[in-house]
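Under the UniProt record's numbering, the first residue of the sequence shown is numbered 1, with each subsequent residue one higher. Using N, Cα and C, we set each Cβ at its ideal position, and we do this for glycine too. This one's a predicted model, so the numbers in the text were calculated from it and none came from an experiment. Structure first, commentary second.
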Amino acid sequence: MNPERIQNEGQINPARFSIKDSVRYMFGEQRLLFVLIGITIVALISNVVVIPSSSQSEPISASFQVAVSTSVPRRIAYELPTRNFDLVNAAGARIPLGLKSKSLRVLVTGGSGFVGSHLVDRLMARGDNVIVVDNFFTGRKDNVLHHLRNPRFELIRHDVVEPILLEVDQIYHLACPASPVHYKYNPTNVVGTLNMLGLAKRINARFLLTSTSEVYGDPLEHPQVETYWGNVNPIGVRSCYDEGKRVAETLTMDYHRGLNTEVRIARIFNTYGPRMCLDDGRVVSNFVAQALRKQPLTVYGDGMQTRSFQYVSDLVDGLMRLMEGEHVGPFNLGNPGEFTMLELAKVVQDTIDPNAKIEFRPNTEDDPHKRKPDISRAKELLGWQPSVTLREGLPLMVSDFRQRIFGDLKEGGSSMSTF
């Protein structure tokens, strides 16, 4: 360099400094190369260091384990304790937005109905994102009204006999009329089950079919185990429901064996509780509504037919255990406590009106004589058994029916939760 431009060992004289000199300075002694390397290093550091952000400054729970990988580039890894996630929330710890684990997306067909709405309550309480698909043939919007403002809940009016595409992790298929009054006039259609199985296969979701103890028909084996094939009249007035469920089970197992679809099958026995449809033809709801209205309790036949009655919260617990477990099934889900129709009428009298009269009528066609589940398999493999007795659960149902019959709520519109 020209010595006249140098001051004090390499200092540039600003009075005589020009653009041409600056260019020479940058290219001199590889200064430009060092500048480019520095810019590259800064860019790499800004890309590999991940800092979770949220709209609010929130403390990180102590139960989160923060680990820094020893490999290059360094990344901050957060291990979320899945089993203790609910405990963290229950303790009041707030989780930054970037650290929340992915909750399940669950589809419940028939989710505004009697059993479906109670299942939705449990799934919502667990923190899942729930989508209810219902055509409201027997379901009631009022049953899930208390969830409508929750961003994790979505209600879609749709009939499952028409295809629908949704992205979910689990499918609880409950969409089917379950009472004689309804399924005789709207026969079970296996197309709905076929559509839901196709959806489960397409999106790789786990599928749970709610079948029924009606697949056993008028059983010759008592109590009924899952390996019993049943004694069903395929052309009777009830057969649209019985045979529809048997076909649904066959389709479910075909998808499992042939297409590797993850499936679960539950065979549900008589269930009662709040939100049952009034006057739907099932014996418990009939007796309760009649006793509250001061009408005679109608007993068909001699009243010696037997049934087993489980409370809805026990059933929901069994369904969730089955879905989360590793066994396909089928599993009987019912209360093995057995009552004759006359014994049930006596319990209703004791609960509501001891002076309620009983009126005998001719028995209905193809009415099973006995029905009682063997739940040994569910006890062993699911760790499940019912805990609510008939005399404990019936008053809760009576309270709900009384409010809907005499109160301000619409029929089918109780938001009462049993959990």
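- DSSP assignment within the region 334 to 401 yields the following whole alpha helix (DSSP H) runs of 4 residues or more, N-terminal first: 341 to 351, 376 to 382.
- Nearest to residue 157 by alpha-carbon distance, out of 133, 406, 165, 407, is 133.
- Within the same chain, Cβ atoms closer than 6 angstroms to the Cβ of residue 360 are found at 299, the five residues on either side in sequence being excluded.
- The beta carbons of residue 258 and residue 311 sit no closer together than 7 angstroms.
- DSSP places residue 161 outside both helix and strand once states are collapsed to three, so it counts as coil.
- Ranking 167, 371, 195 by CA distance to the CA of residue 105 puts 167 first.
- DSSP places residue 322 in the helix class (H, G or I) of the three-state scheme.
- Each of 246, 301, 384, 125 was checked against the Cα of residue 362, and the nearest Cα belongs to 301.
- Taking the Cα positions, residue 204 is about 11 angstroms away from residue 263.
- Contact annotation: residue 390 and residue 309 have beta-carbon atoms nearer than 7 angstroms.
- Under the three-state reduction of DSSP output, residue 235 falls in the coil class, being neither helix nor strand.
- Straight across, the Cα-Cα distance linking residue 388 with residue 146 is about 25 angstroms.
- When the five nearest sequence neighbours on each side are left out, the beta carbons in the same chain lying within less than 7 angstroms of the beta carbon of residue 225 are those of 374, in order along the chain.
- Cβ neighbours of residue 116 within its own chain (closer than 6 angstroms, five residues either side excluded): 108, 110, 174.
- Secondary structure note for residue 117: its alpha helix (DSSP H) is the uninterrupted segment 114 to 126.
- Here the region 124 to 142 does not lie against the region 230 to 241, with fewer than 3 beta-carbon pairs under 8 angstroms apart.
- Non-local beta-carbon contacts of residue 210 in its own chain, meaning distances under 8 angstroms to residues more than five positions away in sequence, involve 115, 172, 173, 174, 176, 266, 268, 319 in chain order.
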